[in-house]
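Residue numbers (the UniProt record's numbering): 1 to 154.
For reference, the structure is listed below as C-alpha cells.
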DNA sequence: GCCAACGTTGGC
DNA sequence: GCCAACGTTGGC
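See below:
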C-alpha cells in the first residue's frame, strides 16, 4: 500500500469534475513525463491512497482524497491526432503513455500550498522540494497520516 | 507575464 | 555520450 500526490489543473479536471464523473472516477490522461508515467505503470496498485492536488490555479493545494482505481492501461489520447496529448511516436502495438483510473473518496477543505510549506512535519514532502515539478510524487505513510489526521481535521 | 528549475531533443 | 538550445512546469 503506497501513497501519492497527483496534480490536476482544475481548468482541466477539478475535484468537482471528478466527483461528477461516473463512479467518481477519472482516467488520469495527459501525463507526458516518463518519471510520472513510470509511477503509474510500475509502482501503483489498486487501492493506493492519492492526494488530489489542484495546480496552476488561483489557490493551489490539496483538494481531496482519492485512490488508485485501476491497473495501468494505455492513455487513449496519445493515439488521437486531434488531442493536445497526441504522440506521433506512439502506436497501439507499442503505446508509450500509460495511466491509471483515480476514484475520489472525499472532497476535503482546500489545504493551500502555502499551508503545506509552513508545516514542519511536511518539510520533506517530495512535491515541496525546490524545483520539484513532477505531476505525480510519492507521499510517505507518515505524511499521509499527518495530512489526514491533523491538517484535514482543522 | 516572469522566471527558476528541470526535462527533452538533436547535432556532433 | 556530451551538452547547448529549447520547451515545459507551475508558483508568484
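All C-beta atoms in this analysis are idealised placements derived from N, C-alpha and C, irrespective of residue type, glycine included.
In three-state DSSP terms, what is residue 114? As a working note, residue 114 is residue 114 in the first chain. Reduced to three states, the DSSP call for residue 114 is helix.
Assuming the contact rule is C-beta atoms closer than 8 Å, residue 30 and residue 85 should be a hit. Round their C-beta distance to whole Å, please. In the first chain, the residue the question calls residue 30 occupies position 30. In the first chain, the residue the question calls residue 85 occupies position 85. Indeed they touch by this definition, with Cβ atoms about 5 Å apart.
Beta strand (DSSP E) segment containing residue 51, residue limits: In the first chain, the residue the question calls residue 51 occupies position 51. Unbroken beta strand (DSSP E) run through residue 51: 49-54.
Closest residue to residue 56 among 153, 26, 9 (Cα-Cα distance): In the first chain, residue 56 corresponds to position 56, counting from 1. Residue 56 has its Cα closest to that of 9, out of 153, 26, 9.
Please report how far the alpha carbon of residue 42 lies from the alpha carbon of residue 120, in whole angstroms. As a working mapping, residue 42 is identified with position 42 in the first chain. As a working mapping, residue 120 is identified with position 120 in the first chain. If you take the alpha carbons of residue 42 and residue 120, they lie about 31 Å apart.
Helix, strand or coil at residue 3 [DSSP, three-state]: Reading the first chain from its first residue, position 3 is the one you call residue 3. Residue 3 falls in the strand class under three-state DSSP.
Are the Cβ atoms of residue 2 and residue 138 separated by less than 8 Å? On the first chain, residue 2 is found 2 positions in, with the first residue counted as 1. On the first chain, residue 138 is found 138 positions in, with the first residue counted as 1. Yes; because the gap between Cβ atoms is below 8 Å, this pair is in contact.
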